[in-house]
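Enquirer:
Numbering (the working numbering), first residue to last: 3 to 461.
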């Protein structure tokens, strides 16, 4: 055989071998080029927040990331643009776009890219139908429902005509689109009141009639569709809210009600979600945990709730507080928790987009004034995205905020936020002069309980 032919064949084998190395069946690989974002900070995360991976683009905008894709739905973000991705282990997807012309430049290709391509087109189509939430939700109920039906039909046509999608996925996604339509119907009344300020507004008796015969026990749709999951949760929440028993803590009623759900998958998932969100806010996490475990019937869910409980016990009164290090200070420089050693510290975790946080500002300013010059520091930590850094600074000026104003390093994914298991804001924390926890879930400034607590400590 000609030696040049042998050399050529050897190179082919080597090339094929290299390609096979990229076909990692135990991971998903995403790579590509993002123009006009040199050295940009990127993140890829999943919808429930259990996975979050930050990384940086190279100087020329290229990247490659390997992910153990335990779940399917992820979000790739450059801080401004968000791309929804469907990933499974074994996928190798290439993503290219211009950050300054995102919508018109996105190109997704590679093994397993079909659903991600569809999700990008779907997101753009949704934006075309819903350009303004205020405008849409301010419509009267008939016009609103009609607009939704047109959008649903358009999205249904998109998934039907998208290339490379499996029949089973198309079937599930069509149901998902209908659940999207139904979930927006349930949002209409509170959103309409919010945007129009028509506090006495009410929907007609038959406005939500399409939910009358809905099956709330479909675990396949519950797992696939976050809109169906939302509808199911709201259904059970309405049952919980209707139960009036002041002698029993609300969380006990909620956990026991969820524990009565017949479908095991749905029951255990909702019990975990409820525990994950509310246990950290409970005044008695030990009993909360006990009731949760009594209702759970799945070992994996039980283990996850137990792990959450163990983390929360680290936040018991008297334990050393988790720390934050080198947070940006509005007054300049960097500030860490250890800088306040020797003083009580009242921490407000908030964000400029959080309405309830803003509502607490007048009361917080009043408490700050009352305890001015005493052995306590009032520290506000913003968990805004980096893109809203200037908005944060401007709000400090416009609201004349006092105390120590800090900006967290990675918004709600900051280690301090994770360590305190903060699932909702505003969240208030009180520490003693030694840096130990007085209360990991302290009273709000608007509550008399706060001044009672501070006076009891003789600050």
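A virtual CB, placed ideally from N, CA and C, is assigned to each residue, including glycine.
Entirely within the segment 388 to 453 and at least 4 residues each: give me those alpha helix (DSSP H) ranges in chain order.
Expert: Listed in chain order, the complete alpha helix (DSSP H) runs (minimum 4 residues) inside the segment 388 to 453 are 391 to 400, 417 to 421.
Enquirer: Distance, Cα to Cα, residue 117 vs residue 52?
Expert: One C-alpha to the other measures close to 22 Å.
Enquirer: Taking residue 280 and residue 260 to be in contact with their CB atoms under 8 Å, please state how far apart those CB atoms are, rounded to whole angstroms.
Expert: Incorrect: roughly 11 Å between the Cβ atoms, too far for contact.
Enquirer: So residue 410 and residue 383 are in contact, right, with Cβ under 8 Å, and what is the actual spacing, rounded?
Expert: Their Cβ separation, rounded to whole angstroms, is 5 Å, which keeps residue 410 and residue 383 in contact under 8 Å.
Enquirer: Would you be able to state if there are at least three C-beta pairs under 8 Å between the segment 174 to 194 and the segment 149 to 164?
Expert: Yes, they touch.
Enquirer: In the DSSP assignment, find the unbroken beta strand (DSSP E) run with residue 488 in it and report its ends.
Expert: Nothing in the structure corresponds to residue 488, since the chain is present only between 3 and 461.
Enquirer: Kindly indicate which three-state DSSP category residue 364 falls into: helix, strand or coil?
Expert: Correct three-state label for residue 364: helix.
Enquirer: Taking 8 Å as the threshold, find out whether the segment 67 to 87 comes into contact with the segment 97 to 104 through three or more Cβ pairs.
Expert: The segment 67 to 87 vs the segment 97 to 104: in contact.
Enquirer: Buried or exposed for residue 303, going by 16 or more other Cβ atoms inside 10 Å?
Expert: So residue 303 counts as buried.
Enquirer: So if DSSP puts residue 54 in a beta bridge, which residue, or which two residues, is it bridged to?
Expert: In the DSSP output, where bridge partners are listed per residue, residue 54 has 47.
Enquirer: Tell me, which residues are paired with residue 350 by DSSP?
Expert: 382, 430, per the DSSP bridge assignment.
Enquirer: To which residues does DSSP link residue 138 through a beta bridge?
Expert: None, per the DSSP bridge assignment.
Enquirer: Quick check: what's the CA-CA separation for residue 103 versus residue 132?
Expert: Approximately 20 Å, taken between the alpha carbons.
Enquirer: For the beta strand (DSSP E) that contains residue 113, what are its first and last residues?
Expert: Element bounds for residue 113: 109 to 113.
Enquirer: Evaluate contact between the segment 119 to 133 and the segment 48 to 64, counting only Cβ atoms and requiring at least three cross-stretch pairs below 8 Å.
Expert: No, the segment 119 to 133 is not in contact with the segment 48 to 64.
Enquirer: Count the other CB atoms within 10 Å of the CB of residue 227; is the residue buried (16 or more) or exposed (fewer)?
Expert: Buried, since its Cβ has 16 or more Cβ neighbours within 10 Å.
Enquirer: Among 208, 233, 419, which has the Cα closest to the Cα of residue 220?
Expert: The shortest C-alpha separation from residue 220 is found at 233.
Enquirer: How would you call residue 119, buried or exposed, if buried means at least 16 neighbouring beta carbons within 10 angstroms?
Expert: With 16 or more Cβ atoms within 10 Å of its Cβ, residue 119 is classed as buried.
Enquirer: Is DSSP giving residue 209 helix, strand or coil here?
Expert: Of the three classes helix, strand and coil, the one that applies to residue 209 here is coil, per DSSP.
Enquirer: Check whether the segment 295 to 310 touches the segment 399 to 407, counting contact only when three or more Cβ pairs, one atom from each stretch, lie closer than 8 Å.
Expert: Contact between the segment 295 to 310 and the segment 399 to 407 is absent, because fewer than three Cβ pairs lie under 8 Å.
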